[in-house]
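*Asks:*
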Amino acid sequence: MTAATRAPSAARPRPAARRPGLPTLRLLRLELRHNAMAWLLPVVFALFWLVTYRKTMAMPPLWNVRAASLQTGIVADFAVPVTGAAAWMGSREARRRITDQVMITARSRWERLLVTWAATAIWAMLAYLGCLAAGYGVTAHQASGGGPLWWPAAVAAACVLLFCAVGFVAGAFLPSRFTAPLVAIAAFFVLALSTEPIHGSQSSWQVSPIVTGPWDAGVQAGVATFYPFQPDLSIAQVMFLAGLTVALLGVLALPAGSVGRALRAVAASCTVAGLLAAGTAVGLTGTGSMDAQGMLDIPALHDAAGDRPLAFTPVCGRTAIPVCLNPAYAAYLPATASALAPLLGELAGLPGAPARIVQEPVAYQQATGNSVALQLPRPAVSGPPVLPLVLPDQLGQPAMTAAQQANQVVTTYGPDLVADVIGDGHGASQAQNAVATGLMMAAGLRRLDVYQLPAGHAIPGRQPPTAPGGPDASRSPDVAPGTPAYAAAERFAALPSAVRHAWLGQHLAALRAGQLTLAQLP
Amino acid sequence: MNVEITGLTRRFGSVAAVAGVDLRLGPGVFGLLGPNGAGKTSLLRIMATAMRPSSGSLRLLGRDPGSYGPRCEIRRRLGYLPQNPGYYPGFTVAEYVEYFALLKEVPSARIRVAVATAIDRVALGDRGKARLRTLSGGMLRRASIAQAIVNEPEVLLLDEPTAGLDPEQRVAFRALLRDLGQRATVVVSTHLVEDVAAACAQVALMDRGRIVFAGTPDELAARGDGQGAGDTPLERGYSAVLAQARS
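Residue numbers (our numbering), protein chains in the order written: chain A, 428 to 949; chain B, 276 to 522.
1. Does the distance from the C-beta atom of A/LEU497 to that of A/LEU559 stay below 8 Å?
2. What three-state label does DSSP hand B/LEU356 in the structure shown?
3. So the beta strand (DSSP E) A/LEU728 belongs to, where does it begin and stop?
4. Please classify B/SER342: does DSSP put it in a helix, a strand, or coil?
5. List the residues of chain A whose Cβ lies closer than 7 Å to the Cβ of B/THR507, in chain order.
6. Name the chain B residues that come within less than 7 Å of A/VAL529, Cβ to Cβ?
7. Suppose contacts are defined by Cβ-Cβ distances below 8 Å. Is A/LEU960 in contact with A/ALA858 by that definition?
8. Looking at C-alpha atoms only, which residue of A/PRO778, A/ALA651, A/LEU803 is the closest neighbour of A/ALA846?
9. If contacts are defined as beta-carbon pairs under 8 Å, then A/ALA614 and A/LEU679 qualify, I think. What distance do you get, rounded to the angstrom?
10. Check this for me: beta carbons of B/ALA423 and B/LEU399, under 8 Å apart or not?
11. Which of helix, strand or coil does DSSP assign to A/PRO815?
12. Heavy atom of the ligand ZN less than 7 Å from the Cβ of A/LEU497, yes or no?
13. What are the residues in the segment 675-706 of chain A lying within 7 Å of chain B by C-beta distance?
14. For B/PHE366, does the three-state DSSP call read helix, strand or coil?
15. So, at 6 Å on beta carbons, what are the nonlocal neighbours of A/PRO508 in its own chain, with the 5 sequence-adjacent residues on each side left out?
16. Hey, is A/ALA607's beta-carbon within less than 8 Å of any beta-carbon in chain B?
17. Would you please state the rounded distance, in angstroms, between the beta carbons of A/THR547 and A/ALA513? I believe it to be under 8 Å.
18. Just by C-beta distance, which residues in the segment 298-319 of chain B are closer than 7 Å to chain A?
19. In the segment 344-360 of chain B, which residues sit with their C-beta less than 7 Å from some C-beta in chain A, listed in chain order?
20. Helix or strand or just coil, what does DSSP make of A/SER621?
21. Can you give me the start and stop residues for the beta strand (DSSP E) that B/PHE287 sits inside?
22. Could you give the C-beta distance for A/LEU540 and A/LEU589, rounded to a whole number, given that I count them as a contact under 8 Å?
23. Give a yes or no on whether 8 Å exceeds the smallest Cβ distance from B/TYR513 to chain A.
24. Taking Cβ-Cβ distances shorter than 7 Å, what residues in chain B pair up with A/ILE549?
25. Which residue wins for smallest C-alpha separation from A/ALA775, given the options A/ALA914, A/SER696, A/ALA561, A/ALA929?
26. Could you round the C-beta distance between B/VAL278 and B/LEU300 to whole angstroms and report it? I think they count as a contact, below 8 Å.
27. Answer yes or no: do A/GLN569 and A/VAL650 have a C-beta to C-beta separation smaller than 8 Å?
28. Buried or exposed: where does B/ARG352 fall if 16 or more other Cβ atoms within 10 Å of its Cβ makes it buried?
29. Return the chain-ordered list of same chain residues with a C-beta closer than 6 Å to the C-beta of B/GLY503, the five sequence neighbours on each side being excluded.
30. Could you give the DSSP three-state label for A/LEU690: helix, strand or coil?
31. By the three-class DSSP mapping on this structure, what secondary structure does B/PHE488 have?
32. Comparing the C-beta of B/GLN519 with each C-beta of chain A, is any distance below 8 Å?
33. Does the CB of B/THR465 have a neighbour CB from chain A at under 8 Å?
34. Note down, in chain order, each residue of its chain lying with its Cβ closer than 6 Å to the Cβ of A/GLY850, except the 5 sequence neighbours on either side.
35. Would A/VAL478 and A/MET486 be called neighbours here (beta carbons separated by less than 8 Å)?
36. Am I right that A/LEU752 and A/TYR759 are in contact with their C-beta atoms under 8 Å? What's the rounded C-beta distance?
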C-alpha cells in the first residue's frame with residue numbers, strides 16, 4: 428500500500444554558509460567541561476607526586492638526570508589513568524546509547540570523535556605540563572649548570588597523546604564499561620614489558636618511551652654534562668609515538684559512514700603515513716649504537732656537531748691544590764674540596780703532586796650483551812700535572828649526598844695521590860710506607876668511619892685501599908700497629924705540618940729512591 | 276514531497292522488518308501505528324539515515340541519502356527522537372540541546388536562540404541549567420524532544436514521543452506537534468491512538484513490515500464500525516484493519 432500526505436513541501440531559506448571553526452571550538456568547550464580525564468587529574472597528580480616527583484627530586488640537580496627520570500616516571504604514571512579515561516570517553520556514545528541520535532547529525536563521526544579525543548588529550552596534556560613544570564621548575568632552582576632538556580619532555584608529551592589515542596580507539600571500537608579498565612591495565616603492562624627484549628645498544632626496542640638512553644647504560648649523571656645532549660633516540664621515539672597516534676586517529680575514520688570518501692582517503696593516508704613513520708623510527712633505533720659519551724647515536728639522525736665537548740668554566744675550590752668541577756656539579760664542590768683539603772695541604776708543592784684536580788667525563792663502551800665498560804680519564808701526558816677526577820655520580824651509582832660523595836672521593840683518590848708523591852706501593856721501602864701512612868694520618872684519614880662507603884660504592888679502577896670492615900684503610904698492608912713502621916708513621920704524623928712539609932721537600936727524592944730507612948725519618 | 280519512499284525493504288537475516296513500503300509525505304503530522312514488531316522503528320531509523328535499506332528507494336528533502344554529501348545536507352534538516360533516547364547525565368539541559376545544535380551544524384549566531392527556543396517549546400525553560408541526571412523520566416523525554424527540534428527540522432521523526440509524559444504534557448506536546456506540522460513533515464510512531472487522533476492529519480498502520488492501511492484518522496475509525504475491539508472508534512478501526520490484514 429502507498430501512503431501519502433497531501434500538503435506540498437514548503438521551501439525554507441537555509442543558511443548560505445557556515446563557519447566551521449567556531450562551532451568546533453564550542454563543541455570542544457562542551458567536551459572539555461564533561462571529560463572524564465578532568466576527574467582523574469587528582470589521581471594523576473597524586474601518582475606523580477608519590478611515584479616520580481619525590482624520587483626525581485632526590486636525585487642530583489643535574490638536568491639530564493632529572494629530565495630522564497621525569498620522562499620515564501611521567502610516562503609510567505600517566506599510562507593507566509590517561510588510557511583509561513580516553514577509553515571511557517571513546518566508548519561514551521555506545522555506553523550512553525546515544526549513537527543513533529549523534530549518528531544522524533550532519534557532523535561526521537570522525538570529526539565528532541576527534542573533538543572528544545582532543546578534549547581528553549588537552550586535559551591530559553595540561554596535567555602533564557603541570558607535572559613537568561613542577562619537576563623542571565624545582566630543578567631550575569637547584570641546578571647550578573646547564574639548562575632544561577626539551578627532547579625528553581617532548582617524548583613524554585608524545586607518549587601521553589598516544590595513550591589518549593590508544594584508549595580512545597579501543598573505547599570507540601570495543602565499547603563496553605570494561606574496556607577502560609582492561610585497556611588501561613594492558614597499556615601499563617605493555618609499557619612495563621617493552622624493555623624486556625632489549626639486548627645491547629642496537630636494539631630496536633629502545634624506541635620504548637620509558638627508555639631515555641642506551642638501555643644498558645641507564646641514566647648516567649655524567650652523560651650530557653660534558654657533551655651536549657644527543658636527541659637521536661628522543662627524535663626516533665617522538666617519531667614512533669606521533670606516528671602511532673596519527674595512525675590510530677586515522678583508523679577512527681575508516682568504518683563505513685564515518686566520513687565522506689575524500690576525508691576517508693585522507694584518514695587512510697594518515698594511517699598509512701603514521702604507520703610508516705612508526706616503522707621507520709623502530710628501524711632507525713635499531714641502527715643506533717652507544718657512543719663514547721654514553722648516548723645513543725643513530726647515524727641517520729645524528730648531528731656530528733653535538734660530539735664536541737661543551738665549553739665551560741670549571742668551578743674551583745680554594746684548596747692548596749685547586750679542586751675544579753664542572754659547574755653542573757657546583758653543589759658538590761664545597762664538600763669535595765673540604766674533604767680533600769687536609770691531604771692536598773700536605774702534598775701541595777711537592778714534586779709529583781698535581782697542580783690541579785679537575786673533574787673529567789668517563790668514556791663509555793658497549794661490551795657484550797647488556798654490559799657497558801666505563802673508561803676512566805687518564806692524566807695528561809704533557810703540560811702541568813692534572814689529576815682527572817670522576818665523581819661517583821658520574822658512574823650511575825645509587826644517589827648519594829654530597830658528603831658521601833666527598834668521602835668516597837677521598838677514599839679512592841687519597842691513597843693514589845699520596846702514592847704518586849711518595850712512591851708508595853709494591854716494592855716500596857718501609858720508610859715510604861711509613862711516610863705515606865703518616866701523611867694519611869695527618870690528613871685525618873686514619874679512622875675507618877670517616878670514609879666508610881655505602882655497600883657497592885666504588886669507583887672502578889680506583890679501589891679504596893681496603894673494604895669496609897677490614898683493617899685501617901689509611902695504611903699500607905705492612906704498616907701494622909706495633910711495628911716500627913707504624914710507630915714511625917705516628918711520629919711523622921705528629922710533626923707540625925710545616926716541619927713535615929719542609930722535611931719532605933728536602934728528602935722526597937731520596938725517599939722515592941728507597942734510600943732512606945725508618946731510622947732516618949724525623 | 277519531503278519524504279519519498281518506494282519499495283523500501285530492510286531485512287535482518289531472513290526476517291523482513293520492512294517489506295516493500297511506499298510512502299510520500301509532505302508537511303503535516305503523520306501517524307505511524309502498528310503492533311510491536313511491525314517494523315515502525317526500523318522504518319523510522321531508515322528514514323533518519325541511521326540504517327540503510329536492503330532494497331528500494333528513499334529520497335528525503337529531494338535528495339538521496341545514499342551519498343555522503345546529500346546525506347549530510349539532509350541531516351542538517353532532520354530531527355530524530357529514538358524510542359529509547361540516550362543522554363549524557365553530566366550535561367545540563369541547555370548543554371545537551373546545544374551539543375546537538377552544534378552537531379547538526381546550526382549556524383553559530385543562531386545557536387543560543389535556537390537552544391532557548393527548543394527548551395521553551397518543551398516547557399523546560401526553568402530547568403535549563405539542571406543536569407540531566409537530576410531530571411525525571413518525563414523531563415528527560417522532553418529534553419530529548421528539544422534536541423530533536425533544535426535545528427527546526429523539515430523532517431522530524433519521533434518514535435514513541437509521548438511515552439512517559441504526564442497527561443498535561445501530552446496535551447501540550449500534541450499542540451507542539453500540530454505547530455511543527457505547519458512547516459515540517461512530522462512522522463510520529465506510537466502505540467497511543469489518542470495521540471494520532473489528536474495530532475495527526477494522516478495515519479498509516481503497519482503490520483509485519485508492510486503498510487496495511489493509509490488514510491486519515493477518521494477513515495481508520497470508520498473501518499472499525501461494527502467490528503474490531505477497543506474502547507474508541509480509532510482503536511476499533513485499528514484492530515479491525517489488523518484482523519483483516521492477518522486473515
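Cβ atoms here follow ideal geometry from the backbone N, Cα and C, with glycine treated the same way.
*Replies:* Judging by the given coordinates:
1. yes
2. Strand, per DSSP.
3. Here A/LEU728 belongs to no beta strand (DSSP E), and DSSP marks it neither H nor E.
4. coil
5. Here the premise fails: no neighbours, minimum Cβ distance about 22 Å.
6. LEU378
7. In the structure as shown, chain A begins at 428 and stops at 949. Residue 960 of chain A is therefore absent and cannot be evaluated.
8. Residue A/PRO778 is the option with its Cα nearest to A/ALA846.
9. Their Cβ separation, rounded to whole angstroms, is 18 Å, which puts A/ALA614 and A/LEU679 out of contact at 8 Å.
10. no
11. strand
12. Ligands in the displayed structure: none, and consequently the ligand ZN is not present.
13. The residues in question are GLY687, ARG688.
14. coil
15. Around A/PRO508: LEU467, VAL470, VAL471.
16. no
17. At roughly 5 Å, the Cβ-Cβ gap stays under 8 Å, so A/THR547 and A/ALA513 are in contact.
18. LEU298, ARG299, LEU300, GLY301, PRO302, GLY303, PHE305
19. Sequence-ordered contacts of the segment 344-360 of chain B with chain A read GLY344, CYS347, ARG350, ARG351, LEU353, TYR355, PRO357, ASN359, PRO360 [C-beta pairs closer than 7 Å].
20. DSSP places A/SER621 in coil when its eight states are reduced to three.
21. 278-287
22. Not quite, the Cβ-Cβ distance comes to about 16 Å (not below 8 Å), so this is no contact.
23. no
24. Simply none; closest approach about 17 Å.
25. When the alpha-carbon of A/ALA775 is set against those of A/ALA914, A/SER696, A/ALA561, A/ALA929, the nearest one is in A/ALA929.
26. Yes, B/VAL278 and B/LEU300 are in contact; Cβ-Cβ is about 4 Å, under 8 Å.
27. no
28. It counts as buried.
29. ARG511, SER514, ALA515.
30. helix
31. strand
32. no
33. no
34. GLN859, ARG939
35. no
36. 6 Å
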